[in-house]
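Chemist:
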Amino acid sequence: MSEKMQALIDQAEADLLHTYNRYQIVFDHGDGVNLYDTDGKRYLDFVAGIAVFALGYNNREYNDALKAQTDKILHTSNYFYNAPAIEAAHRLKAVSGMDRVFFTNSGAEAVEGALKAAIKYSYLKDGRSDHEIIAMEHSFHGRTYGALSVTGNPAYRAPFGQMPCDVQFARYNDLDSVAALMNDRTSAVILEPVQGEGGLVPATKEFLAGVRRLCDEKGILLIFDEVQCGMGRTGSMYAWQKFGIRPDIMTTAKALGCGVPVGAFLLTEEVAQNSLKAGDHGTTYGGNPFACAAVCKVLELYEKERIVEHVRGITPYFEQKLDEIAAQFPCIQERRGSGLMQGLVFDRPVAGIIQDAMDHGLVLINAGPDILRFVPPLVITRQNIDEMVSILVPAIERQV
Ligand SMILES: *Cc1c(COP(=O)(O)O)cnc(C)c1O
Numbered sequence: 002m003s004e005k006m007q008a009l010i011d012q013a014e015a016d017l018l019h020t021y022n023r024y025q026i027v028f029d030h031g032d033g034v035n036l037y038d039t040d041g042k043r044y045l046d047f048v049a050g051i052a053v054f055a056l057g058y059n060n061r062e063y064n065d066a067l068k069a070q071t072d073k074i075l076h077t078s079n080y081f082y083n084a085p086a087i088e089a090a091h092r093l094k095a096v097s098g099m100d101r102v103f104f105t106n107s108g109a110e111a112v113e114g115a116l117k118a119a120i121k122y123s124y125l126k127d128g129r130s131d132h133e134i135i136a137m138e139h140s141f142h143g144r145t146y147g148a149l150s151v152t153g154n155p156a157y158r159a160p161f162g163q164m165p166c167d168v169q170f171a172r173y174n175d176l177d178s179v180a181a182l183m184n185d186r187t188s189a190v191i192l193e194p195v196q197g198e199g200g201l202v203p204a205t206k207e208f209l210a211g212v213r214r215l216c217d218e219k220g221i222l223l224i225f226d227e228v229q230c231g232m233g234r235t236g237s238m239y240a241w242q243k244f245g246i247r248p249d250i251m252t253t254a255k256a257l258g259c260g261v262p263v264g265a266f267l268l269t270e271e272v273a274q275n276s277l278k279a280g281d282h283g284t285t286y287g288g289n290p291f292a293c294a295a296v297c298k299v300l301e302l303y304e305k306e307r308i309v310e311h312v313r314g315i316t317p318y319f320e321q322k323l324d325e326i327a328a329q330f331p332c333i334q335e336r337r338g339s340g341l342m343q344g345l346v347f348d349r350p351v352a353g354i355i356q357d358a359m360d361h362g363l364v365l366i367n368a369g370p371d372i373l374r375f376v377p378p379l380v381i382t383r384q385n386i387d388e389m390v391s392i393l394v395p396a397i398e399r400q401v
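Just so you know, the working numbering puts 130 at position 129 of the sequence shown, and the rest follows in order with no gaps.
1) Take LYS298 as the anchor and find which of ARG61, ALA15 and MET6 has the nearest alpha-carbon.
2) Where DSSP assigns a beta bridge to MET251, which residues make up the other side?
3) Closer than 8 angstroms by C-beta to ALA368: which residues in its own chain qualify, once you throw out the five before and the five after it? Chain order, please.
4) Kindly give me the distance between the Cβ atoms of VAL34 and LEU45, rounded to whole angstroms, as I take these residues to be in contact under 8 angstroms.
5) When burial is assigned at 16 or more other CB atoms within 10 Å of the CB, is LYS5 buried or exposed?
6) Work out the CA separation of THR77 and LYS278 for me, nearest whole Å.
7) Kindly indicate which residue of LYS73, ILE221, GLY162 and ARG144 has the alpha-carbon position closest to the one of ILE134.
8) What are the boundary residues of the alpha helix (DSSP H) that includes PHE208?
9) Rounded to a whole number of angstroms, what is the C-alpha to C-alpha distance between ILE355 and SER276?
10) Taking C-alpha atoms, which residue in ILE315, ALA115 and PRO370 lies nearest to GLY264?
11) Relative to the alpha-carbon of TYR63, which residue among GLN400, ALA171, ALA292 and SER391 has its alpha-carbon at the smallest distance?
12) Does the structure place the segment 246 to 260 close enough to the segment 109 to 128 that three or more beta carbon pairs sit under 8 angstroms?
13) Write down every uninterrupted run of the alpha helix (DSSP H) in the segment 322 to 373 whose length is 4 residues or greater and which is fully enclosed by it, in chain order.
14) Return yes when the C-beta of GLU193 is under 6 angstroms from any heavy atom of ligand 1, and no when it is not.
15) Rounded to a whole number of angstroms, what is the C-alpha to C-alpha distance between GLY233 and VAL151?
16) Could you name the residues that DSSP lists as bridge partners for PRO203?
17) Quick check: what's the CA-CA separation for CYS216 versus ASP127?
18) Report back the beta-carbon spacing between ALA119 and ILE250 to the nearest angstrom; my notes put them in contact at under 8 angstroms.
19) Quick one: what does DSSP say GLY31 is sitting in, helix, strand or coil?
20) Would you tell me roughly how many angstroms separate the C-alpha atoms of ALA86 and ALA273, rounded to the nearest one?
21) Does the segment 384 to 399 come close enough to the segment 68 to 84 to have 3 or more Cβ pairs within less than 8 angstroms?
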């Protein structure tokens, strides 16, 4: 590492709150599926800023759209209308099949809004103010208090005392464990159609269909958190669309702005008409013209470049290559995931493998200590996959 990069890292460690143990790299710029650090070293990126940069870095049309919007106006206020938000909402409705949109600045904020909408809906229905939410073990919904309250990782919640929502945790893909927690206080069930941070675990169709049926029978709302698995990552625009099981409320973020911080929660007309009213919820930045210009261009490029079809087309090759790696090393227990959201589950910590791959120009991350996570830009090619394998296999050989 150059003295210049080391100085930047030292400065960061002196100034930033240390809430991350960061890899010792300062990234400078990106191009396609490649990242470059401040020393000019190239890395093949199979993280995409954690499932964010779906279109790859430095997409000319995307960059130009942001520059054009910068020269017009960056921000107004939600007390006024703006054309990019109107177009973005319309496009998002069309690709999601949901009826109403509220733009946020992040995934966690989308989850916050989804929970507030559900609780308000239940409150208007039965007048109670002691509603419960059912969430899943090993889920991840974000770090703010509401999102944390439904996050199924006790270690994340433990130091922070009383949570704002009364939450019960069921076992993922275990319908009986969900049914057992439902009662007349239950407002909603929240789950990720593919668990991301929790270890790349897809829900079964039977589980999703079963939860939908139970919710319908008991008048309970179903919330899908598509912040990580949405936006085409699993081969359909939203993961639930593959199964035809529509939620009442849905969240989306990560790839929605492809780098501009933006998220959204979406509702059915029924929930929208009977939950949050004027004055119940708001945001200064959410849905501003700059963020929404990004959303518009992202959704336009998804259509033009047939991103979702590309994911469906490339997935079998990606899975085959990962399966070959899994078969080659006894310390790998399984490959699991969906589309371009995959994990290799090891019987030991993967930190050494990630560091080794990084040293040799491949960016990967983990999901929990023992799982290698692959959430590459959605535009990856067979060639990119082959290069990834050619760096990863020797890294595993050296480290296990
Ligand atoms: C990343 C993530 C979030 C939180 O999004 P932030 O933008 O980090 O607040 C919520 N839910 C899921 C499923 C996620 O993967």
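In this text, a Cβ means the ideal position worked out from N, Cα and C, and glycines have one as well.
Keep in mind it's a predicted model, so treat the numbers as computed, not measured.
Modeler: So, from the data block:
1) As a position in the sequence shown, residue 298 is number 297, starting the count at 1. Closest in alpha carbon position to LYS298, among ARG61, ALA15 and MET6, is ARG61.
2) Taking the first residue of the sequence shown as position 1, residue 251 is located at position 250. In DSSP, MET251 forms a bridge with PHE225 and LEU267.
3) For the purposes of this step, residue 368 is taken as residue 367 along the sequence shown, with counting starting at 1. Excluding five sequence positions before and after ALA368, the CB atoms of its chain that fall closer than 8 angstroms to its own CB belong to GLY197, GLU198, GLY199, GLY200, LEU201, GLY344 and ARG374, given in chain order.
4) For the purposes of this step, residue 34 is taken as the residue at position 33 of the sequence shown. For the purposes of this step, residue 45 is taken as the residue at position 44 of the sequence shown. That belief holds up - the Cβ atoms of VAL34 and LEU45 are roughly 6 angstroms apart, short of 8 angstroms.
5) Counting from one through the sequence shown, the residue named residue 5 turns up at place 4. So LYS5 counts as exposed.
6) As a first step, residue 278 is located in the sequence shown; it is residue number 277 there, counting from the start. As a first step, residue 77 is located in the sequence shown; it is residue number 76 there, counting from the start. Computed Cα separation, rounded: 21 angstroms.
7) To locate residue 134, count along the sequence shown from 1; it is residue 133. Here the closest residue by C-alpha is ILE221.
8) To locate residue 208, count along the sequence shown from 1; it is residue 207. That run of the alpha helix (DSSP H) goes 206 to 219.
9) Within the sequence shown, residue 355 is the residue found at index 354, counting from 1. Within the sequence shown, residue 276 is the residue found at index 275, counting from 1. Those two C-alpha atoms are separated by around 45 angstroms.
10) Mapped onto the sequence shown, residue 264 falls at position 263. Taking only the C-alpha atoms, the option nearest GLY264 is ALA115.
11) Position 62 of the sequence shown holds residue 63. When each option's Cα is compared against that of TYR63, the closest is ALA292.
12) Counting Cβ pairs under 8 angstroms, three or more are found: they touch.
13) Runs of alpha helix (DSSP H) with 4 or more residues, each lying fully within the segment 322 to 373, are found at 352 to 360, listed in chain order.
14) As a working mapping, residue 193 is identified with position 192 in the sequence shown. Under cutoff, so the answer is yes.
15) Start at 1 with the first residue of the sequence shown, and residue 233 comes out as number 232. Start at 1 with the first residue of the sequence shown, and residue 151 comes out as number 150. Distance between the alpha carbons of GLY233 and VAL151: 24 angstroms.
16) On the sequence shown, position 202 is the one that residue 203 refers to. Answer is VAL195, bridged to PRO203.
17) By one-based count along the sequence shown, residue 216 stands at place 215. By one-based count along the sequence shown, residue 127 stands at place 126. In this structure, the CA atom of CYS216 is about 16 angstroms from the CA atom of ASP127.
18) Position 118 of the sequence shown, counted from the start, is the residue given in the question as residue 119. Position 249 of the sequence shown, counted from the start, is the residue given in the question as residue 250. 6 angstroms between Cβ atoms; contact.
19) Position 30 of the sequence shown, counting from 1, holds the residue named residue 31. In the three-state DSSP reduction, GLY31 falls in the strand class (E or B).
20) Walking along the sequence shown from the start, residue 86 turns up at place 85. Walking along the sequence shown from the start, residue 273 turns up at place 272. Distance between the alpha carbons of ALA86 and ALA273: 18 angstroms.
21) No, the segment 384 to 399 is not in contact with the segment 68 to 84.
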